[in-house]
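*Asks:* Protein chains in written order, with the numbering used here: chain A, 1 to 283; chain B, 1001 to 1283.
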DNA sequence: TGTTATACGCGAACAGTGTTCGCAATGCAA
DNA sequence: TTGCATTGCGAACACTGTTCGCGTATAACA
């Protein structure tokens, strides 16, 4: 349907990068967009993703609701950029815990830039033992989730209805960066020959499906990681994630009203033991 | 505020049990309520919890939206009963997989009764080896989740905003029944002296918090289960749950477009190995 | 049987949502 | 200055959850 809008092509969040140069209007636009996304993020943090309404975001930045549509295609698109940004922020935290710089390895089109520098409690030198690195990353995963519960829900709660993340879209990029940050210590552990892979994970029927993963973690340390390790990366992630998800979504609140850190630390030690990265403590 | 409603006390979902007897009106009411909840469940199954609207439920059963308020206090209350029912249905599936009858051990006020009898693919005799029982329960957990993704989201996705499940409320009951169904094989395994508990889980600081759990799983096989086992129940649940949650919420879809059963089966074998219930396969 | 209190269902209404349309005003380039 | 692209807004539409007040059907009681 042909609309009467004279805008040749309304630039929205998606294609905001390729504009001529720092026009005066362009600068205003960039600032408004930044303010808009910050307000939306605040909204999510206070009331959760489901309650993020465009109208209240508009009120927050002193704008009318229809005006937002000059900057955003829809509520869903706005949520999508928040998701991508949250992925990157979580990945940053994990990378810092693993001894790297935060923003390094971020793609140029990082969605929102005015977040504080991530400073995880659990940090480790890049040269540290892979077991210690894995522990730091695992603890940082939980810490970020506990400190950003609503953003964690944004990433790992119920997905948007009928929303399929576009391949090579911003969310997929953030997701892959998260995956790499999680995988790094374990991949290095495998290269040191210290990773114990359960035989069931090396099943041939699994191997065929894991080809795309080889590409995703290729940047970490060569393409020669076997499929069994890929499967182990997925299951280890799931093992940590389940623990965190149950806590953040309140299913352990009746037992641990002020957090499950003790339980999680214990589980992490069990994970490291099962992976073969630390010996079974005497007990 | 005093309303003009002459109804002395509008009976809603909460207190629908204690009515005189099978009046004619009472029968109609019961049937309408059943139809209403069934329609709401269908709505959740088709479009997800977030999209379950009272008005569309009303349309579905040929009623006006305000009319629903004769049967339901609010949208949230309706969702709460669906949650409780879903907990029970999942627990039923697990119990059947573990060789028990479905509806046995259900409290009398089972929320919705017209679900099909659960028939998990993975079923095992009550007298089976605890390892086989644990495997069957784990596989049934995933199977239910994959077959009822929206209900799984209802239980384990983002919780309702600011909703705290009332202690001894219907959802808590269902939750505890789910916990018992999950725990049963492992508790029996401990009684057989076959459960390997990681030393980190027996930490004294954890033990103090786990007292409420002793009560919850007391019915399974005596009160003498140590706290380390309680902690192990939680972490093992989390280990399975994380795997399932990542799959159901679509985070593995780019690798396994038609399901992660292979990966999950492999992880279950690893779990059983780590628990000491099966020997490490040669590989 | 008739009367009365209760239960039920509905239409109208209120406040809120996402989104579209068309008009006015502004900023930029020619 | 002229002309066009960009920006913002008010009105409107189709939704949502929820409340109110009125009629009607049912049950209990006389």
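Idealized CB from N, CA, C, for every residue including glycine.
Going by alpha carbons, who is nearest to residue 1182/B out of 1069/B, 1087/B, 1077/B?
*Replies:* 1087/B
*Asks:* When the Cα atoms are used, what is the spatial distance from residue 1118/B to residue 244/A?
*Replies:* Residue 1118/B and residue 244/A: Cα-Cα distance of roughly 29 Å.
*Asks:* Give a yes or no on whether the minimum CB-CB distance between residue 235/A and chain B is below 8 Å.
*Replies:* yes
*Asks:* Which same chain residues end up closer than 7 Å to residue 1338/B when comparing Cβ atoms and leaving out the 5 residues on each side of it in sequence?
*Replies:* With chain B covering 1001 to 1283 only, the question about residue 1338/B has no answer from this structure.
*Asks:* Going by DSSP, what residue range makes up the alpha helix (DSSP H) through residue 237/A?
*Replies:* 227 to 248
*Asks:* Between the segment 201 to 217 of chain A and chain B, which residues of the former have a C-beta closer than 8 Å to a C-beta of the latter?
*Replies:* 201, 202, 203, 205, 206, 209, 210, 212, 213
*Asks:* From the DSSP output, in three-state form, read off residue 972/B for me.
*Replies:* No answer is possible for residue 972/B: the residues shown for chain B start at 1001 and end at 1283.
*Asks:* My output table needs one value for residue 6/A: the three-state DSSP class, helix, strand or coil.
*Replies:* Any reading at residue 6/A is ruled out, since the residue's pLDDT is 48, under 50, leaving its predicted position unreliable.
*Asks:* Indicate whether residue 33/A and residue 69/A have their beta-carbon atoms separated by less than 8 Å.
*Replies:* For residue 33/A and residue 69/A, no; Cβs fall outside 8 Å.
*Asks:* Suppose only complete runs of 3+ residues qualify. What are the beta strand (DSSP E) ranges in the segment 1073 to 1102 of chain B, listed by chain order?
*Replies:* Entirely contained in the segment 1073 to 1102 of chain B, not one beta strand (DSSP E) run reaches 3 residues.
*Asks:* Just verifying my parser: in three-state terms, what is the DSSP assignment at residue 144/A?
*Replies:* Taken through DSSP and simplified to helix, strand or coil, residue 144/A comes out as helix.
*Asks:* Going by C-alpha to C-alpha distance, which of 176/A, 226/A, 230/A sits closest to residue 105/A?
*Replies:* Closest by C-alpha distance to residue 105/A, out of 176/A, 226/A, 230/A, is 176/A.
*Asks:* Starting from residue 274/A, trace the alpha helix (DSSP H) both ways and give me its first and last residue.
*Replies:* Looking at the DSSP string, the run of the alpha helix (DSSP H) that includes residue 274/A is 261 to 275.
*Asks:* Is there contact here, the segment 1257 to 1271 of chain B with the segment 200 to 208 of chain A, by at least three beta-carbon pairs under 8 Å?
*Replies:* yes
*Asks:* Taking the alpha-carbon positions, what's the residue 191/A to residue 1274/B distance?
*Replies:* 23 Å
*Asks:* Going straight from the alpha carbon of residue 1236/B to that of residue 237/A, what length do you get?
*Replies:* 14 Å
*Asks:* At the 8 Å Cβ level, is residue 279/A part of the contact set with chain B, yes or no?
*Replies:* Judged by the 8 Å Cβ criterion, residue 279/A is not in contact with chain B.
*Asks:* So, does the CB of residue 1227/B fall closer than 8 Å to a CB anywhere in chain A?
*Replies:* no
*Asks:* Can a CB atom of chain B be found closer than 8 Å to the CB of residue 135/A?
*Replies:* Closer than 8 Å: no.
*Asks:* Given that residue 1239/B touches chain A, what residues does it touch there, using C-beta distances under 7 Å?
*Replies:* 239, 242
*Asks:* Are the C-beta of residue 269/A and some C-beta of chain B separated by less than 8 Å?
*Replies:* yes
*Asks:* Which residues in the same chain as residue 1058/B place their Cβ atom closer than 7 Å to its Cβ, once the five residues preceding and following it in sequence are excluded?
*Replies:* 1064, 1065, 1067, 1068
*Asks:* Would residue 1144/B count as contacting chain A if we go by Cβ distances under 8 Å?
*Replies:* no
*Asks:* Evaluate residue 85/A with the Cβ neighbour count: other Cβ atoms within 10 Å of its Cβ, from every protein chain shown; 16 or more gives buried, anything less gives exposed.
*Replies:* buried
*Asks:* Near residue 260/A, which residues of its chain fall below 6 Å by C-beta distance, leaving aside the five closest residues on each side in sequence?
*Replies:* 247, 252
*Asks:* Verify the CB distance criterion: does residue 266/A have a CB-CB separation below 8 Å to chain B?
*Replies:* yes
*Asks:* Checking 8 Å against the spacing of the C-beta atoms, do residue 1228/B and residue 1180/B come in under that value?
*Replies:* no
*Asks:* Judging by CA-CA distance, which residue of 56/A, 257/A, 184/A is the nearest neighbour of residue 126/A?
*Replies:* 184/A
*Asks:* When Cβ atoms are compared, which residues of the segment 1170 to 1201 of chain B fall closer than 9 Å to chain A?
*Replies:* From the segment 1170 to 1201 of chain B, only 1172, 1175, 1197, 1198, 1199, 1200, 1201 have a Cβ closer than 9 Å to chain A.
*Asks:* Under the rule that 16 or more other beta-carbon atoms within 10 Å means buried, what is residue 151/A, buried or exposed?
*Replies:* buried
*Asks:* Grouping DSSP H, G and I as helix and E and B as strand, with all else coil, what is residue 119/A?
*Replies:* coil
*Asks:* Reducing DSSP to helix, strand and coil, say where residue 1224/B ends up.
*Replies:* Coil.
*Asks:* Would you tell me roughly how many angstroms separate the C-alpha atoms of residue 1213/B and residue 250/A, rounded to the nearest one?
*Replies:* 16 Å
*Asks:* Is residue 1054/B close to chain A? Criterion is C-beta to C-beta, closer than 8 Å.
*Replies:* Taking CB atoms only, residue 1054/B has no neighbour in chain A less than 8 Å away.
*Asks:* What whole-angstrom Cβ distance do residue 145/A and residue 122/A have, given they're in contact under 8 Å?
*Replies:* That belief does not hold up - the Cβ atoms of residue 145/A and residue 122/A are roughly 13 Å apart, past 8 Å.
*Asks:* Please confirm if residue 157/A has its CB atom under 8 Å from at least one CB of chain B.
*Replies:* Against chain B, the CB of residue 157/A has a partner CB under 8 Å away; the residue lies at that interface.
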